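This report refers to the structure that appears directly beneath it.
Residue numbers (the UniProt record's numbering): 1 to 591.
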């Protein structure tokens, strides 16, 4: 018998002679079958929706019969097993039935003490998150639900961070870095998103997206105004303000210029805008109303902290701005959370609602990228692969973060969203939006009470930025030296008779350059995101393939080094100019 502080776990023999696990809590229960735990594990594994090359995150280990059975299905995949109950992992690890799989790296074990925001980094491929599945071992989930919920939140946070480190980050990394510094003065004066935690407990909230079904029920927002917190994503601002409904909160994060179009020529202004630091800068410059700030990316958060500044909050983002709106709705304490315009499919042959800048857009006829999925009303509807990915992401987000809230899909069209209850918006308003309250007054009070950093703090920041820019200039000079050495190395290697002593001399000088740059690595933090495309190409692109012979391999490494230094120089210059402009903006704003 194995005793815990508040509970007791007992390892005993099952009817078939294998060991099983008994839990003495409020009542005695078996956490594995008392008859045949191995067969029970096989049946559980057969029910897991996965492919042979998937990475499956399993919550709940116990003795691991189910993990061993699942591993047989994952012929080229792997299992990340997490035990949310600390006492269990200490009690059962000596009895695990899959120990051989750990040594083969087929199963990776994590305890509940290990997970943090980025705990899956390095364990799953951020460029193939569709190959990551989550499976819960239900007997453990039932009796340790609180621990499971905590870990599920951590998984959601980690997958969210991995998502934004993948293709989208590669494409926009430099733009987002430029946007962050262009927005820095606004980030510093914006009201921190963290100040809004649980300000509307158990109040209804409506998230308004811009799917084509919004045409059916947008008029009902007038009925809900003053009885629910109306959160409008940027794409839906035009049609919502066109019917004279003022959003309680607008949400936007897109860093591209196209996002700016949603904010032009609006018929209503003055509403609060929740934004992420990467947003297109002109939106913040022209917005007439309170700004609520959030910084999602760790690179930017760490830079703010290192600069002695407060991080205004970290609202999770995803493939759609609706993910950010939903995460903020959860943080506000809203319950229920009602979705409208969240089609995630092509309803009535359109991609967006009337009144949006995309109202004339129609789905392409590319059948390869079209999928037929279950619709809101139980029928079938067409969607694209990208929209389907957004649907799956939202469903996962709801499953991991809703925490028992009522999540209502009142879109009245589009895709069925797992984890939501479907009803019309009119039904949702009649059922949940009965009591009058004033969201605008409460939000305005929080915004008015906030005191942003004063002139002394901003003045010190300006000096720090200028000092960092100077250090970046030093790094540029060192990288240029490295680039020249790498060019010379390639020339030597391509000579008819390469002189080895000269090659060795160049290699030593390149090592010295690397050491100099490493000494400046702390000051290169702002360059981190802008450098991501270079890093990706170096590690996953053409340079990643080793050559067949030593001479050709030497040339490959020389060219790889050239690409590294060229990319570093380019990234540093982008960031340095952005930082100096940020210093000017802050100086100008504090005059």
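We put the CB at the ideal spot given by N, CA and C, even for glycine. Note that the coordinates shown come from a computational prediction; the quantities given were computed from them, not determined experimentally.
Coil, strand or helix - residue 265 by DSSP
Three-state DSSP puts residue 265 in coil, outside helix and strand.
Beta-carbon separation (whole angstroms), residue 400 vs residue 153, contact threshold 8 angstroms
6 angstroms
Is residue 20 helix, strand or coil when you go by DSSP?
strand
Simplified DSSP state of residue 384, which is helix, strand or coil:
strand
Output the distance between the C-alpha atoms of residue 381 and residue 407, rounded to the nearest integer angstrom.
22 angstroms
Check residue 324 in the structure and name its three-state DSSP category.
Judged by DSSP in its simplified three-state form, residue 324 adopts helix.
Which value, in whole angstroms, describes the spacing of the CA atoms of residue 77 and residue 54?
5 angstroms
When the distance is taken between beta carbons, is residue 293 closer than 8 angstroms to residue 190?
Yes, these two residues count as a Cβ contact at 8 angstroms.
Please report the straight-line C-alpha distance between residue 240 and residue 226, rounded to a whole angstrom.
Taking the Cα positions, residue 240 is about 15 angstroms away from residue 226.
Whole angstroms is fine: what's the gap from residue 368's alpha carbon to residue 388's?
In this predicted model, residue 368 has a pLDDT of only 46, less than 50, meaning its place in the structure is not dependable enough to derive any value.
Can you tell me whether residue 409 is helix, strand or coil according to DSSP?
strand
Compute the beta-carbon to beta-carbon distance between residue 268 and residue 231, rounded to the nearest angstrom, for a pair I have assumed lies under 8 angstroms.
Actually they are not in contact, since the Cβ atoms of residue 268 and residue 231 sit about 15 angstroms apart, beyond 8 angstroms.
Given 8 angstroms as the limit, is there contact between the region 370 to 380 and the region 445 to 462, that is, 3 or more CB pairs closer than that?
no
Flag this pair as touching only if the region 13 to 29 and the region 58 to 70 have three or more C-beta atom pairs under 8 angstroms; answer yes or no.
With the cut-off at 8 angstroms, the region 13 to 29 and the region 58 to 70 touch.
Does the distance from the C-beta atom of residue 309 to that of residue 461 stay below 8 angstroms?
Remark: C-beta atoms of residue 309 and residue 461 approach each other more closely than 8 angstroms.
List, from N- to C-terminal side, the beta strand (DSSP E) runs of 3 residues or more that fit wholly inside the region 148 to 229.
205 to 208
Between 192, 333, 554, which has its C-alpha nearest residue 503's C-alpha?
554
Check residue 571 in the structure and name its three-state DSSP category.
Three-state DSSP puts residue 571 in a helix.
Close-in-space but distant-in-sequence residues of the same chain around residue 582 (CB under 8 angstroms, 5 per side omitted):
Apart from the 5 residues on each side of it in sequence, residue 582 sits with its Cβ closer than 8 angstroms to the Cβ of 181, 182, 184, 185, 465 in its chain, given in chain order.
Please check the pair residue 513 and residue 481, which I expect to be a contact at CB under 8 angstroms, by giving their CB distance rounded to whole angstroms.
6 angstroms
Mind reading off the beta-carbon distance from residue 312 to residue 193? Whole number of angstroms is fine, and I expect it under 8 angstroms.
Yes, they are in contact, since the Cβ atoms of residue 312 and residue 193 sit about 6 angstroms apart, within 8 angstroms.
Of the residues 67, 156, 208, the one placed nearest residue 100, counting alpha carbons only
Taking only the C-alpha atoms, the option nearest residue 100 is 67.
Euclidean distance between Cα positions of residue 492 and residue 550
14 angstroms
Length of the line joining the Cα atoms of residue 106 and residue 120
16 angstroms
Nearest-angstrom Cβ-Cβ length linking residue 58 and residue 74, presumed shorter than 8 angstroms
About 11 angstroms separates the two Cβ atoms, so there is no contact after all.
Can you name, in chain order, every residue of its own chain whose Cβ lies under 7 angstroms from the Cβ of residue 397, other than the five neighbours on each side?
156, 318, 323, 326
Return helix, strand or coil for residue 443, following the three-state DSSP convention.
helix
Residue 340 to residue 104 span [Cα, whole Å]:
48 angstroms
Kindly indicate which three-state DSSP category residue 13 falls into: helix, strand or coil?
strand
Can you give me the Cβ contacts of residue 2 inside the same chain, cut-off strictly under 6 angstroms, excluding the 5 residues immediately before and after it?
A caution first: residue 2 carries a pLDDT of 45, below 50, which makes its placement in the model too unreliable to give a value.
Check this for me: beta carbons of residue 525 and residue 561, under 8 angstroms apart or not?
no
Residues of its chain near residue 451, where Cβ-Cβ distance is below 7 angstroms and the 5 sequence neighbours each way are ignored
none
Assuming residue 432 contacts residue 204 (C-beta within less than 8 angstroms), just tell me the rounded distance between them.
Correct: roughly 5 angstroms between the Cβ atoms.
For residue 249, which residues of its own chain have a beta-carbon under 6 angstroms away from its beta-carbon, when the five flanking residues on both sides are left out?
231, 272, 274
Check whether residue 245 and residue 221 have beta carbons under 8 angstroms apart
yes
Using three-state DSSP, classify residue 485 as helix, strand or coil.
helix
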